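Trainee: After the structure tokens below, expect a handful of questions from me.
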Amino acid sequence: MDGFNQLLQNIPNFIPNFCDRCGAKHSKHDLEIVNKDPDRFMCRVMCSNCGNISLMQVNIMPDGGVNAKRASVISDILPNEISKFSNSPKIAEEEILDVMIALEKINSISDLEYLLKESR
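The sequence shown stops at residue 1411 when you use the working numbering, and every number in between is there.
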């Protein structure tokens, strides 16, 4: 078994032992690998007790070591959505500012509908 497959076998060892929300013990069945690259994995951890979902990134370091980091955002994002957005280009800061400025001008649902039609 190569190092990559061995790492895949050991990923359950990197998930938190207990749920942040309800304190229930996690099992290996709570973990789902939603995206894998040669040097990292994105994992979704869902509590089988309360349904709380969090994301973790497991990085394979150049020296062969492993670094696991849980995302600071708890999310209900679905695995297919993670793959979809992980391959998207980076959003420029100017684009975010443009959206914020446009959203400040919305006072009604018709304003929002107009803005969405205009952006197509």
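The C-beta atom is built at its ideal place from N, Cα and C for all residues, glycine as well. Values in this document were obtained by computation on a predicted structure and should not be read as measured data.
By the 10 Å Cβ neighbour count, where 16 or more other Cβ atoms means buried, how is residue 1376 classified, buried or exposed?
Mentor: Counting from one through the sequence shown, the residue named residue 1376 turns up at place 85. It counts as exposed.
Trainee: Below 7 angstroms CB to CB, which residues in the same chain sit around residue 1316 once its five sequence neighbours on both sides are set aside?
Mentor: Position 25 of the sequence shown, counted from the start, is the residue given in the question as residue 1316. Same-chain partners within the cutoff: 1308, 1309.
Trainee: DSSP three-state call for residue 1292: helix, strand or coil?
Mentor: On the sequence shown, position 1 is the one that residue 1292 refers to. Because residue 1292 sits at a pLDDT of 44, beneath the cut-off of 50, its placement in the model cannot be relied upon, and the point is left open.
Trainee: As a quick exercise: from 1348, 1406, 1314, pick the residue whose alpha carbon is nearest that of residue 1393.
Mentor: Counted from its first residue, the sequence shown places residue 1393 at position 102. Cα-wise, what sits closest to residue 1393 is 1406.
Trainee: If you count every other CB in all the chains shown that lies within 10 Å of the CB of residue 1292, and 16 or more means buried, which is it?
Mentor: Taking the sequence shown and counting its residues from 1, the one referred to as residue 1292 is at position 1. Summary for residue 1292: the model assigns pLDDT 44, below 50, so the residue's position carries little reliability, and this model does not support an answer.
Trainee: Mind checking which residues open and close the alpha helix (DSSP H) that includes residue 1391?
Mentor: As a first step, residue 1391 is located in the sequence shown; it is residue number 100 there, counting from the start. Here the alpha helix (DSSP H) through residue 1391 covers 1384 to 1395.
Trainee: For residue 1351, I'd like the list of residues in its chain whose CB is within less than 7 angstroms of its CB, leaving aside the five on either flank, ordered along the chain.
Mentor: In the sequence shown, counting from the first residue as 1, residue 1351 sits at position 60. Excluding sequence neighbours, residue 1351 sits near 1298, 1330, 1331, 1357.
Trainee: Could you pull the DSSP bridge partners for residue 1334 from this structure?
Mentor: Looking up residue 1334 in the sequence shown gives position 43. Looking at the DSSP assignment, residue 1334 forms a beta bridge with 1324, 1347.
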